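A short write-up of the structure that comes next.
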Amino acid sequence: MKPGALVLLTDFGLQDPYVGVMKGVILGLSPRARIVDLAHGVPAQDVRSAAFSLMSAAPFFPQGSLFVTVVDPGVGTGRRILWARGRRWQFLFPDNGVTGWVERVEPFSEVREVSSKDLFLPVVSSTFHGRDIFAPVAAGLSRGLAPAKLGPRTRSWEALCFPEPEIGRTKTAGEVLVVDRFGNAVTNIPFEAAGKGGVVGFRGRRIGEVRSSYACVPPGTVLAVRGSWGFVELSVRDGDFAGRYKASPGDRVEVSRP
Amino acid sequence: MKPGALVLLTDFGLQDPYVGVMKGVILGLSPRARIVDLAHGVPAQDVRSAAFSLMSAAPFFPQGSLFVTVVDPGVGTGRRILWARGRRWQFLFPDNGVTGWVERVEPFSEVREVSSKDLFLPVVSSTFHGRDIFAPVAAGLSRGLAPAKLGPRTRSWEALCFPEPEIGRTKTAGEVLVVDRFGNAVTNIPFEAAGKGGVVGFRGRRIGEVRSSYACVPPGTVLAVRGSWGFVELSVRDGDFAGRYKASPGDRVEVSRP
Amino acid sequence: MKPGALVLLTDFGLQDPYVGVMKGVILGLSPRARIVDLAHGVPAQDVRSAAFSLMSAAPFFPQGSLFVTVVDPGVGTGRRILWARGRRWQFLFPDNGVTGWVERVEPFSEVREVSSKDLFLPVVSSTFHGRDIFAPVAAGLSRGLAPAKLGPRTRSWEALCFPEPEIGRTKTAGEVLVVDRFGNAVTNIPFEAAGKGGVVGFRGRRIGEVRSSYACVPPGTVLAVRGSWGFVELSVRDGDFAGRYKASPGDRVEVSRP
C-alpha cells in the first residue's frame, strides 16, 4: 500500500518556486521519497488538460504509484481534497473532476476526504494547498500512513465527463481533446472506431484516411494518424497542425465511412 | 553540517544543457547527492526574482539544505562566489545581493569566500561558473567537505535591500515584488499591515479590501488576497492580473485605511 | 558496463506527459535507476540542437552514463534505433545523425541496432518510441542487460556532419551553431582559432576582438567572447544578441586577422 513513487502533476511551471517548495516539504517529512515529475507545464488552471495527462500517463507507471495532482482553480473555495485508490494506483487531488478520465481505466475502489488537519502544515494558506496540504499528506502516505487516517470515506465526487464520440453507421463525430507541444491535435476517437476506409474531416476540410505512421506522407503534409495514446491525432508531418489550422480543444472532428 | 539536499535555483531554462551539465558534474563527484530543482525558469539575469524565490522557498526546506543559486549576470567580472550558513540552511551564491531577502528570515552566522581553486574543475571558463565552480564545490560540500576549506571568512558582502513598505497611520505604500506565472502580482505588504478595513489601490484604481481567499469573489473579478507567502497579492480570480493591468515588479501599491 | 545514470535529452517539453511517462516506464522496470534530465526544451525536432547538447554535455558526465536521446522526427519511418558506446559513455538514439558531433570527442567502439522486440513494451506505437522502445531498453541496460542482447552490430550509421570552420591565413569563416536561452550565438570557431588580434565580424558588422569575459565591456555592449564550450560566442553583455540581431543557427561568422 505504501506508494512507490510520488508523481507530481501541476500547472505551476518552472518560473516560480511552487514546485520546488512542494519538494522541500516532501523531503522534510519523507527524506527517501521517490519524487517523479509527470508534467508541470499544464496550461494554467486547465483541469481538462490535467485529466488527459493522468488518463494517458497512469497506465505506464508501476503499481503503487501515487499521483499528486495540483491543478486547482478552486483553491480556497469549499472544494474538498480527496484521496482515492483503484486496483493499481493512488491519487491525491482536488475535487474538481480531474480524475474523471483516468477512472475510465482505473475505477476507484476507495475514496476519502482528506480532512485530518494534523497531517497538514501548521499554517494553511488559502491559495497554495499544494504546499500546505498535498505535499505533507503525500509525504505521510509515502512513509506508510494508513489511508483511513486521512479522513472519512466518501461516495460522491466530481468527475469530468469524458466526451465520448458519437459513433454512427456511416459517420463518427468526435472532438479535439488536447493539443500537444508539437501542435498535434489528439482527438477522442479511438483509432479502431475510425475503421477501415474512414475519412477524417476537420472543420469541413478533408484530412484523409487514418495513417499508421507519419512516414506514410511527405514532410509538411497534413495527416490523421494513429496516435500513441490510442486515439486518432491530426498532425502535420514535421510540422505544427494546431498552429496552421488554429485547432483547439473542443473543435469538432468527423470520420465518414463510404 | 553535511547538506541533506542540493537545491538548484538558476535562470538557465530547459532549452540548453546548462542545468543538466551541472548535475553531471555533481554526480561525477558525489554520486549519491540528492539534487532538487527549486526553479530554473527565473527570468534571465533577474537577481531580484531569484532573491524572492530563495526567501520564499527556504523556510519550507529541511534543515541542512544547501541552496545553490546561479543567477549571475556578473559572471567573469571580479564578483566573488560566496558560501554562507545560518541556523538552518547553507547557501552557495554569487556576491550580487541575491541572498539579501532570505537573510531577513535566516541571518548568516558565517560567510566565506569560495577561493580554493583545487575544488573547481581543472579548467574554469569565464562564462559558466555554475558548471566550473558552483557544481564541484556543492558536490564537495555534499560529501562532507569542511567549509573552512572553501576559503577565508569575509565580513562584508552584497545584499539586495528588501523594499520595506512605508507603513503610515492611514496609508501604507508598497510595491509589486514579483509577478508569478499565473499573473498574480505579489507585493511587499504583509497582510497584517493591510489591517482591518484597509482598501488596496493600484495605480489610482481601487481594488478593494484584502480577501482571505479567491473564493470571496466571482470568477473574472479583480481582488487583493492574502497570498501564500504572507504578503498581499493582486489577482484576478481564474484570470491573469498582470496581463490585464500590465503590472510589473516595482509598481506602486497602496493600502488606505478609513 | 552497467550505466551509472540514465541521462534524458528530448524535445518533449514539460507541457505534456511525454517525459513523465518515459520515467514511469523506466521506474517500473528498473526501480533504482538514477534518471537525470539533461534538457527537454530542445526545439521541436531540432536534431542539430540536440547534437550540440550531447557534444557539449557529455564530457561533464561521469564515465558509464547512458545518454538517451529522443529527438526523433523520423519516428515511424524505417529509421533504426541504435545503441553505441565509446570509451566513457553509452548512447541510445535514433539513427538520424544526432550523435555525429559527440563522436568528435568520443569515437564509438561498438554500435548495435536495437531490434530485440522482447525488450520493448508489448504494444509499440508508431509515434512515441521514447516510451515504447527507448525507455524499456534504457531500463534494461541500467539493470545490467548485456548489449549483445539488444541486436546485431552495425558498421554504418548516420552522423550529422560538424560544420568545421574554414581556417585561412588571414580569415576564418564559420557559422552560428546554436542560440541559447540568453540569446548568445555559439559559433563553431574554437577560440584558439580566432587567434591573437583576430577581429570577429557578423553579417558585415564588426564585432571586435574575442574577449576573455563579459566583464571586458560595459553592459549593453556587443562582444565576441570565449564561450564556456570552447567556441567563440557572440553576445550582448546583460542582453540578448540573437534577439537584437536576428541571429540564427547557420548564420555566417568571420574572423579576420590583420
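Protein chains in written order, with numbering that gives the first Met the number 0: chain A, 0 to 257; chain B, 0 to 257; chain C, 0 to 257. Using N, Cα and C, we set each Cβ at its ideal position, and we do this for glycine too. Nothing here was measured: the structure is a model prediction, and the numbers come from that model.
query, result
"Identify, in the order they occur along the chain, each residue of the same chain with its Cβ nearer than 6 Å to the Cβ of ILE310(B), setting aside the five sequence neighbours on each side.", "No answer is possible for residue 310(B): it lies beyond the span of chain B, which begins at 0 and ends at 257."
"Could you tell me which chain B residues have their CB closer than 8 Å to the CB of ALA56(C), listed as they occur along the chain?", "PRO16, GLY19, VAL20 and GLY23"
"Along the chain, where does the beta strand (DSSP E) that runs through SER247(C) open and close?", "Here SER247(C) belongs to no beta strand (DSSP E), and DSSP marks it neither H nor E."
"If you measure beta-carbon to beta-carbon, which residues of the stretch 109-129 of chain B are closer than 7 Å to chain C?", "SER124, SER125, THR126 and PHE127"
"For GLU253(C) and VAL74(A), I'd like the C-alpha separation in whole angstroms.", "56 Å"
"Looking at the ligand HEM, does it come within less than 7 Å of THR153(C), judged from the CB to the closest heavy atom?", "Ligands in the displayed structure: none, and consequently the ligand HEM is not present."
"How about ASP71(A): is its C-beta nearer than 8 Å to some C-beta of chain C?", "no"
"Which two residues bound the contiguous beta strand (DSSP E) that contains ALA172(C)?", "170-178"
"Going by other Cβ atoms of all chains shown within 10 Å of its Cβ, with 16 needed for buried, is LYS116(B) buried or exposed?", "exposed"
"Mapping the DSSP letters down to three states, classify GLY207(B) as helix, strand or coil.", "strand"
"Just confirm the distance between the C-beta atoms of VAL20(A) and ARG142(A), as a whole number of angstroms; I'd bet it's less than 8 Å.", "No, VAL20(A) and ARG142(A) are not in contact; Cβ-Cβ is about 19 Å, not under 8 Å."
"With DSSP run on the structure shown, which of helix, strand or coil describes GLY200(B)?", "strand"
"What does DSSP give as the partner residue(s) for PHE230(A) in the beta ladder?", "PRO189(A)"
"In the stretch 20-52 of chain A, which residues sit with their C-beta less than 8 Å from some C-beta in chain B, listed in chain order?", "VAL20, LYS22, GLY23, VAL24, LEU26, GLY27, PRO30, ALA43 and GLN44"
"List the DSSP bridge partners of ILE80(A).", "PRO93(A)"
"If you compare alpha carbons, which of VAL97(A), SER234(A) and GLY219(A) is closest to SER211(A)?", "SER234(A)"
"Does PHE98(A) come within less than 8 Å of chain B when only Cβ atoms are used?", "This sequence places Thr at residue 98(A); Phe is not what is there. Cβ-Cβ to chain B under 8 Å: no for THR98(A)."
"Quick one: is ALA145(C) buried, meaning 16 or more other Cβ sit within 10 Å of its Cβ, or exposed?", "exposed"
"Just the Cα atoms here: how many angstroms apart are LEU5(C) and LEU81(C)?", "16 Å"
"Which first and last residues belong to the alpha helix (DSSP H) in which PHE51(B) is found?", "46-56"
"Going by the beta-carbon positions, is the gap between ASP94(C) and ARG79(C) smaller than 8 Å?", "yes"
"Give the DSSP-derived three-state secondary structure of PHE66(C) in the structure shown.", "strand"
"By the DSSP assignment, the alpha helix (DSSP H) with ILE25(A) in it spans what residues?", "17-28"
"Using the Cα positions of VAL41(C) and PRO58(C), report the straight-line distance between them to the nearest angstrom.", "19 Å"
"Output the distance between the C-alpha atoms of PRO218(B) and PHE107(A), rounded to the nearest integer angstrom.", "31 Å"
"According to the neighbour-count rule (16 or more other Cβ atoms, all chains shown, within 10 Å of its Cβ), is THR98(B) buried or exposed?", "buried"
"Going by Cα to Cα distance, which pick from GLY238(A), VAL231(A), SER227(A) and TRP228(A) is closest to VAL221(A)?", "GLY238(A)"
"For ASP71(A), which of LEU53(A), PRO16(A) and GLN44(A) has the nearest alpha-carbon?", "GLN44(A)"
"What residue range is occupied by the uninterrupted alpha helix (DSSP H) comprising LEU140(A)?", "134-141"
"Can you tell me which of the three DSSP states GLU102(B) falls into?", "helix"
"Can you tell me the Cβ-Cβ gap for TRP88(C) and SER64(C), rounded? I've got them flagged as a contact below 8 Å.", "5 Å"
"From PRO2(B) to LEU140(B), what distance separates their C-alpha atoms?", "7 Å"
"Report yes if the CB atom of ALA223(C) is closer than 8 Å to the CB atom of VAL231(C), and no otherwise.", "yes"
"Find the nearest neighbour of ALA246(A) within the set ARG180(A), LYS195(A) and VAL216(A), judged by alpha-carbon distance.", "ARG180(A)"
"Determine whether the beta carbon atoms of PHE60(A) and GLY12(C) lie at a separation below 8 Å.", "no"
"Relative to the C-alpha of LEU258(B), which residue among THR76(B), LEU159(B), PRO135(B) and ALA172(B) is closest?", "One cannot answer for residue 258(B) here, as it falls past the ends of chain B, which runs 0 to 257."
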